[in-house]
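Colleague: Sending over a structure as structure tokens; questions will come in a sec.
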Amino acid sequence: LVLTEGYLMKKILIVDDEDSFRRHLSHLFSRRGYDVRESPNGKTAIEMVQDSPVDLVILDIILPDIDGIEILQKLKETYPDIQVIMMTGNATVENAIASMKLGAYDYLIKPFDLEELLILVERARELSQLKRESEIFKRELDRQSKFDTFVGISQHSKKTMEMVQKVAPMNSTILIAGETGTGKELIAKAIHRYSPRTDRPFIVVNCSAIQDTLLESEMFGHEKGAFTGAIKSKRGLVNVANSGTLFLDEIGDVSPGFQTKLLRFLESGEYRPIGSTQIYKGDVRVIAATNKNLQKLLNEDKFREDLYYRLNVINIHLLPLRERMDDIPVLVDYCLKKICYRTGRCISKISDGAISLLNSYDWPGNVRELENVIERAVILCNSDQIEPSDLPIDIRTQTARPEQDSKAKSLQTIEKEHLLETLEKLNGNKTLTAKTLGIT
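Heads up: the sequence shown begins at 10 in the numbering used here, then just goes up one per residue.
So this is what it looks like as structure tokens:
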């Protein structure tokens with residue numbers, strides 16, 4: 010027998026002092042696949058639940074030792090998610106009210122129709138399962154948001170977060186620019202988190218991942234029959250995100266046709282689903298992001314100038330990791346904690362040699378690449394700290410991408426690279442490195 014989640018959630022405890030009635034119910038539910046337990050009194054029932062929790066209790070109010078209302082109260086105090094169906098042969102309004110106030114799922118008067126009980130049990134079980142799935146979903150969201158933060162100690166990172174704090178309370182449109190992997194979505198989430206819309210939806214639209222013909226439908230929705238395949242009406246993401254934040258990632262990839270519709274929405278807040286004659290009003294804050302040079306696209310007539318200025322009310326530009334190397338140590342520590350939390354594989358230390366290699370690498374993939382490198386190192390690490398041998402060969406040999414090599418480097422970058430290279434050759438001996446380079 011394979012114990013699936015659905016099977017495990019069908020645990021019932023029947024509490025009644027009438028042996029024949031209790032056994033009859035037990036047989037009834039056992040035949041329908043339920044895991045049934047029985048108790049003739051309240052004390053045993055409480056002990057059974059403590060030993061092995063159940064999903065649902067069918068509880069008689071009149072018992073030889075403890076009143077059923079008291080048992081219900083004790084069960085709900087310790088196990089608030091447990092579902093309890095009360096039953097009695099001596100019905101009173103007071104008992105019914107007391108049961109429902111204490112959280113009973115329902116109240117049945119003996120004799121009752123067994124089919125009615127079966128329906129109640131199934132509904133109560135479904136409610137229990139929905140609550141459990143909701144809790145799992147909430148925990149997953151908490152888990153994901155726990156490490157959903159922009160991290161850095163460099164001057165650039167500090168100024169960026171200061172900017173976030175300033176603009177978050179406003180309703181202005183924001184354009185976040187930066188290379189792929191620099192943390193544009195994290196900044197957008199931080200703005201949403203610190204804004205008055207924080208308890209409303211944050212919806213991400215990856216403009217480059219959706220075909221241009223479908224992007225308008227995704228954003229604004231469509232009516233049934235509006236086009237081939239539109240077999241039913243669909244709400245757009247503007248409607249889904251209403252009162253929240255809409256994050257348009259890779260905005261530089263949208264077509265001129267969609268740019269026109271987006272501009273109209275940004276200027277008026279109005280939109281019309283495809284195939285509809287009705288105009289709707291949307292209340293969303295728009296944050297856009299791009300890894301492309303929109304000024305260049307403007308010059309090439311590939312991006313509307315009026316849309317650019319409408320999006321670019323507030324501009325946040327994220328520097329690539331190679332231009333804010335001071336952030337690497339704290340990012341590494343952050344990644345180690347995140348990986349530990351997510352996978353249970355915990356490495357808390359990294360050697361000076363490994364940090365030196367990370368500091369001298371060019372990071373074409375930015376923070377996203379760094380996180381992948383650290384995760385790989387954690388998996389391959391055979392000791393309590395990450396060593397240079399745990400890092401990818403292109404980092405150990407400092408092989409940067411050709412397009413990065415061809416770029417002109419500042420004198421400060423060249424000096425730093427030469428210093429780190431010399432430090433590595435001299436096995437991290439700072440005194441000997443300083444003497445070799447002729448510096449203090």
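Ideal placement from N, C-alpha and C gives every residue a C-beta, glycine not left out.
For Thr254 versus Arg319, is the C-beta spacing smaller than 9 Å?
Modeller: Against a cut-off of 9 Å, the Cβ pair of Arg319 and Thr254 comes out as no contact.
Colleague: From the DSSP output, in three-state form, read off Leu224 for me.
Modeller: It is helical.
Colleague: Rounding to the nearest angstrom, what Cα-Cα distance links Gln287 and Leu139 in this structure?
Modeller: For Gln287 and Leu139, the distance between alpha carbons rounds to 36 Å.
Colleague: Quick one: what's got a C-beta closer than 7 Å to Gly447's C-beta in the same chain, skipping five residues either side?
Modeller: Correct list: empty, nothing qualifies.
Colleague: Distance, Cα to Cα, Lys388 vs Arg354?
Modeller: For the sequence presented, residue 388 should be read as Ile rather than Lys. Between Ile388 and Arg354, the C-alpha separation is close to 8 Å.
Colleague: Which word fits Glu225, buried or exposed, when buried means at least 16 other C-beta atoms lie within 10 angstroms of its C-beta?
Modeller: Answer is buried; the Cβ neighbour count reaches 16.
Colleague: Taking just the CA atoms, how far does Ala386 sit from Ser369?
Modeller: Distance between the alpha carbons of Ser369 and Ala386: 17 Å.
Colleague: Suppose you measure from the CA of Arg410 to the CA of Asp371; what does that come to, to the nearest Å?
Modeller: Low local confidence applies: a pLDDT of 43 at Arg410 is under 50, so the model's placement there is unreliable, with the coordinate-based value given in what follows. Each residue's Cα considered, the two are about 9 Å apart.
Colleague: So, using beta-carbon positions, are Ile67 and Asp76 closer together than 9 Å?
Modeller: Contact flag unset, no.
Colleague: Name the DSSP beta bridge partners of Val66, please?
Modeller: Looking at the DSSP assignment, Val66 forms a beta bridge with Leu22, Val93.
Colleague: Assuming Met96 and Ala113 form a contact by the criterion Cβ under 8 Å, report the distance between their Cβ atoms to the nearest whole angstrom.
Modeller: That belief does not hold up - the Cβ atoms of Met96 and Ala113 are roughly 10 Å apart, past 8 Å.
Colleague: Can you look up Phe236 in the DSSP assignment and give me helix, strand or coil?
Modeller: Note: Phe236 maps to coil in three-state DSSP.
Colleague: Consult DSSP for Gly245 and reduce its assignment to one of helix, strand or coil.
Modeller: If DSSP states are grouped into helix, strand and coil, Gly245 belongs with coil.
Colleague: How is Val214 classed by DSSP in three states: helix, strand or coil?
Modeller: Looking at Val214 - three-state DSSP - the assignment turns out to be strand.
Colleague: In the DSSP output, what is Phe256 paired with across the bridge?
Modeller: The partner list for Phe256 (beta bridge, DSSP) reads Val213, Ile296.
Colleague: With distances taken Cα to Cα, identify the nearest neighbour of Phe211 among Ile359, Val247, Arg141, Asn391.
Modeller: Selected option, being the one with the closest Cα: Val247.
Colleague: Residue ranges of each alpha helix (DSSP H) run of no fewer than 4 residues wholly in the region 352-422, ordered along the chain?
Modeller: Listed in chain order, the complete alpha helix (DSSP H) runs (minimum 4 residues) inside the region 352-422 are 361-369, 375-389, 402-405, 411-414.
Colleague: For Ile183, report the span of its beta strand (DSSP E) as first-last.
Modeller: Counting along the chain, the beta strand (DSSP E) containing Ile183 begins and ends at 183-186.
Colleague: Going by Cα to Cα distance, which pick from Gly51, Lys175, Pro89 is closest to Ile78?
Modeller: Comparing Cα-Cα distances from Ile78 to each of Gly51, Lys175, Pro89, the minimum goes to Gly51.
Colleague: Hey, which unbroken runs of the alpha helix (DSSP H) at 4 residues or more fall wholly within the region 312-344?
Modeller: Those alpha helix (DSSP H) runs which fall completely within the region 312-344 and span 4+ residues are 314-320.
Colleague: According to DSSP, is Val45 part of a helix, a strand, or is it coil?
Modeller: It is a strand residue.
Colleague: Whole-angstrom Cβ separation of Val58 and Ile23, contact assumed at under 8 Å?
Modeller: Not confirmed; about 12 Å, so no contact.
Colleague: What whole-angstrom Cβ distance do Asp336 and Ser166 have, given they're in contact under 8 Å?
Modeller: Correct: roughly 6 Å between the Cβ atoms.
Colleague: How is the beta strand (DSSP E) around Leu117 delimited, first residue to last?
Modeller: 115-118 is the extent of the beta strand (DSSP E) around Leu117.
Colleague: I need the straight-line Cα distance from Lys233 to Arg209, nearest angstrom please.
Modeller: Taking the straight line joining both Cα atoms gives about 28 Å.
Colleague: Taking Cβ to Cβ, would you say Thr158 is nearer than 9 Å to Tyr343?
Modeller: Yes, the Cβ-Cβ distance between Thr158 and Tyr343 is below 9 Å.
Colleague: Span of the alpha helix (DSSP H) holding Glu446?
Modeller: It is Leu, not Glu, that sits at residue 446 in the sequence shown. Leu446 -> alpha helix (DSSP H) spans 439-446.
Colleague: Distance check for Leu111 and Ala133, CA to CA, integer angstroms please.
Modeller: Taking the straight line joining both Cα atoms gives about 16 Å.
Colleague: By the DSSP assignment, the alpha helix (DSSP H) with Thr169 in it spans what residues?
Modeller: 164-176 is the span of the alpha helix (DSSP H), which, as asked, contains Thr169.
Colleague: With 16 other CB atoms within 10 Å as the buried threshold, where does Gln92 fall?
Modeller: Flag for Gln92 reads buried.
Colleague: Which residues does DSSP pair with Glu279 in a beta bridge?
Modeller: DSSP lists Lys290 as partners of Glu279.
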